[in-house]
Amino acid sequence: MAKAPRVIGVLAEPAPPTWWRAHRHQVFLVLGLIGGFYLCSHTSDAAPPADPPRPAHTERPHSTATAQR
1 MAKAPRVIGV LAEPAPPTWW RAHRHQVFLV LGLIGGFYLC SHTSDAAPPA DPPRPAHTER
61 PHSTATAQR
């Protein structure tokens with residue numbers, strides 16, 4: 001006759017995950033969205049203006065090279 005398999009240990013159901021382990025991906029998603037919105041909305045303040053203001057009245061410099069042609 002064949003021998004019966006030997007029992008080495010007893011399997012137990014693993015403990016349920018903690019709140020952090022179950023929801024950490026959602027926490028990082030929300031933090032990433034908040035951080036991205038903050039960076040996008042506050043980095044435009046540091047950019048130089050596209051068209052800097054110029055003096056109202058300026059005279060063109062007189063060029064003798066164009067006057068002789």
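All letters in the sequence shown, in the order written, are residues 1 to 69 by UniProt numbering. Ideal Cβ placement from N, Cα and C applies to all residues, glycine included.
- Secondary structure at Arg-21: helix, using DSSP grouped into helix, strand and coil.
- Going by C-alpha positions, Arg-21 is about 47 Å away from Ala-50.
- The beta carbon of Met-1 sits closer than 7 Å to none of the beta carbons in its chain outside the five residues before and after it.
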